[in-house]
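Visitor: Following full-length UniProt numbering from start to finish, the sequence shown increments by one per residue and tops out at 290.
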Amino acid sequence: MLYEKIVGHIVKGPIPPVPYYSNDLILLLRPNYFINAKATFKDYYHLTILFQDKAPSLIIDGKSFSIPPQSSIIVNPGQMAESSLENIVLSQENKEYTVVFLDKRLFNQLSTDIGKGQGITFDNTVTLPNQFLSRLLQTFMFEHALKQPGYQLMLDTISYQLGTQIIRSIPNNLVFNTSPEYKASKEIKKVIDYMHEHNNEKLLLNDLCNIAHLSPYYFIKIFKSQTGKTPREYYIDIKLEKARRLLRDRSFSVAEVAYMVGFSSQSYFSSAFKKKIGYTPLEYQKHLNI
1 MLYEKIVGHI
11 VKGPIPPVPY
21 YSNDLILLLR
31 PNYFINAKAT
41 FKDYYHLTIL
51 FQDKAPSLII
61 DGKSFSIPPQ
71 SSIIVNPGQM
81 AESSLENIVL
91 SQENKEYTVV
101 FLDKRLFNQL
111 STDIGKGQGI
121 TFDNTVTLPN
131 QFLSRLLQTF
141 MFEHALKQPG
151 YQLMLDTISY
161 QLGTQIIRSI
171 PNNLVFNTSP
181 EYKASKEIKK
191 VIDYMHEHNN
201 EKLLLNDLCN
211 IAHLSPYYFI
221 KIFKSQTGKT
231 PREYYIDIKL
241 EKARRLLRDR
251 SFSVAEVAYM
261 VGFSSQSYFS
271 SAFKKKIGYT
281 PLEYQKHLNI
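And the structure:
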């Protein structure tokens, strides 16, 4: 579990519980105390956001940073971060603050999506969190707490939005791609070719994203902007067009055609076919005889 993995790396032994919100890429902590800790994370960035007047300085690679209220600072993977406290100290008025750990896989993907894929290193600069970042953090906590249907997909989408907002608001070394549409169009074509070649299989979104070298958020957005359809809609249309050709051939039954184009059941195939073509597969074959 990400919480135990990260918190256990910071502090050895028992510590007071910390409210947390997480998915596979992000761990958001809301502690109401400060601890004396010294740690480095090779696979995670961590962003600290304070809301109060008095807080201990954060030491990053030997350099001390004083963090004013309503401001934040980010630590890169591999950097040593520590505080100078001797023990656990309650924050001012026992008020919570925010620490966000972000898997470097998130920023590696974003550096490919919107930059030239060289990885991202942020400046250790004290910045003011903007309203968009604050709103995304609140939404992430809200989705995790309520766990409504589809919340995991929402958390994944918010994760990429959070990463993008951090890139926009904190100075870093990312070189932005000046023509992402051209690059994306070539990758989307690879995906479409793959769909045609595997039109009788069950394709997973992650597989298509890997082919395009895009995150799910950007892949769906760019795919729809270039084709006018979601990946699922486009793939279903490929299957149905193949089904029409097979039905016109008259060598196969409706059940055989459904199987050949990869539908899980004949009823699902018939329903999708009628929605797209206006006839059931059987009606379509009969219509060809007229």
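The C-beta atom is built at its ideal place from N, Cα and C for all residues, glycine as well. Here the structure is a predicted model, which means the values were calculated and not measured.
#1: Using only the alpha-carbon positions, how far apart do serine 111 and serine 267 sit?
#2: Assuming contact is defined by CB atoms lying nearer than 9 angstroms, are leucine 204 and serine 159 in contact in what I supplied?
#3: Tell me the rounded alpha-carbon separation between tyrosine 182 and glutamine 109.
#4: Excluding the 5 residues preceding and the 5 following glutamine 285 in the sequence, name in chain order all residues of the same chain whose CB lies nearer than 6 angstroms to its CB.
#5: If you follow the beta strand (DSSP E) that alanine 81 is part of, which residue opens it and which one closes it?
#6: Going by C-alpha to C-alpha distance, which of Phe51, Ser83, Asn32 and Ala255 sits closest to aspartate 61?
#7: Would the beta-carbon of phenylalanine 142 fall within 9 angstroms of that of valine 191?
#8: Grab me the residues of leucine 102's own chain with a C-beta within less than 6 angstroms of its C-beta, minus the 5 sequence neighbours each way, in chain order.
#9: According to DSSP, is lysine 286 part of a helix, a strand, or is it coil?
#10: Check whether the Cβ atoms of leucine 214 and glutamate 187 sit closer than 9 angstroms, and answer yes or no.
#11: Is valine 261 closer than 9 angstroms to asparagine 200 when the C-beta atoms are compared?
#12: Does DSSP put isoleucine 114 in a helix, a strand or coil?
#13: Can you round the beta-carbon distance between isoleucine 59 and alanine 81 to whole angstroms, since I take them to be within the 8 angstroms contact cut?
#14: Under the DSSP definition of a beta bridge, which residues are partnered with alanine 39?
#15: Note the first and the last residue of the continuous alpha helix (DSSP H) segment covering threonine 98.
Guide: On the basis of the supplied data:
#1: Residue mapping note: residue 111 aligns to position 111 of the sequence shown, counting from 1. Residue mapping note: residue 267 aligns to position 267 of the sequence shown, counting from 1. Rounded to whole angstroms, serine 111 to serine 267 spans 44 angstroms at the Cα level.
#2: In the sequence shown, counting from the first residue as 1, residue 204 sits at position 204. In the sequence shown, counting from the first residue as 1, residue 159 sits at position 159. The answer is no: Cβ separation not under 9 angstroms.
#3: Reading the sequence shown from its first residue, position 182 is the one you call residue 182. Reading the sequence shown from its first residue, position 109 is the one you call residue 109. Residue placement at tyrosine 182 is flagged as unreliable, the pLDDT there being 46, under the threshold of 50; the coordinate-derived value follows with that caveat. Each residue's Cα considered, the two are about 18 angstroms apart.
#4: Translated into the one-based positions of the sequence shown, residue 285 becomes position 285. Closer than 6 angstroms at the Cβ level, and outside the excluded window around glutamine 285, lie Leu247.
#5: Numbered from 1 along the sequence shown, position 81 holds the residue referred to as residue 81. Here the beta strand (DSSP E) through alanine 81 covers 80-82.
#6: Your numbering for residue 61 matches position 61 in the sequence shown. Among Phe51, Ser83, Asn32 and Ala255, the Cα nearest to that of aspartate 61 belongs to Ser83.
#7: On the sequence shown, position 142 is the one that residue 142 refers to. On the sequence shown, position 191 is the one that residue 191 refers to. Result no, Cβ atoms of phenylalanine 142 and valine 191 do not sit closer than 9 angstroms.
#8: Walking along the sequence shown from the start, residue 102 turns up at place 102. For leucine 102, where only same-chain residues beyond five positions count, the Cβ hits under 6 angstroms are Ile26 and Tyr45.
#9: Working through the sequence shown from its first residue, we reach residue 286 at position 286. Of the three classes helix, strand and coil, the one that applies to lysine 286 here is helix, per DSSP.
#10: Taking the sequence shown and counting its residues from 1, one reaches residue 214 at position 214. Taking the sequence shown and counting its residues from 1, one reaches residue 187 at position 187. In contact: leucine 214 and glutamate 187 (Cβ atoms closer than 9 angstroms).
#11: For the purposes of this step, residue 200 is identified with residue 200 of the sequence shown, where counting begins at 1. For the purposes of this step, residue 261 is identified with residue 261 of the sequence shown, where counting begins at 1. With respect to the 9 angstroms criterion, asparagine 200 and valine 261 are classified as neighbours on the basis of their beta carbons.
#12: Along the sequence shown, one-based indexing puts residue 114 at 114. Correct three-state label for isoleucine 114: helix.
#13: Looking up residue 59 in the sequence shown gives position 59. Looking up residue 81 in the sequence shown gives position 81. Rounded, the Cβ-Cβ distance is 7 angstroms, consistent with contact.
#14: For the purposes of this step, residue 39 is taken as residue 39 along the sequence shown, with counting starting at 1. Alanine 39 pairs with Ala81.
#15: Counted from its first residue, the sequence shown places residue 98 at position 98. Segment 98-103 is the beta strand (DSSP E) holding threonine 98; no alpha helix (DSSP H) there.
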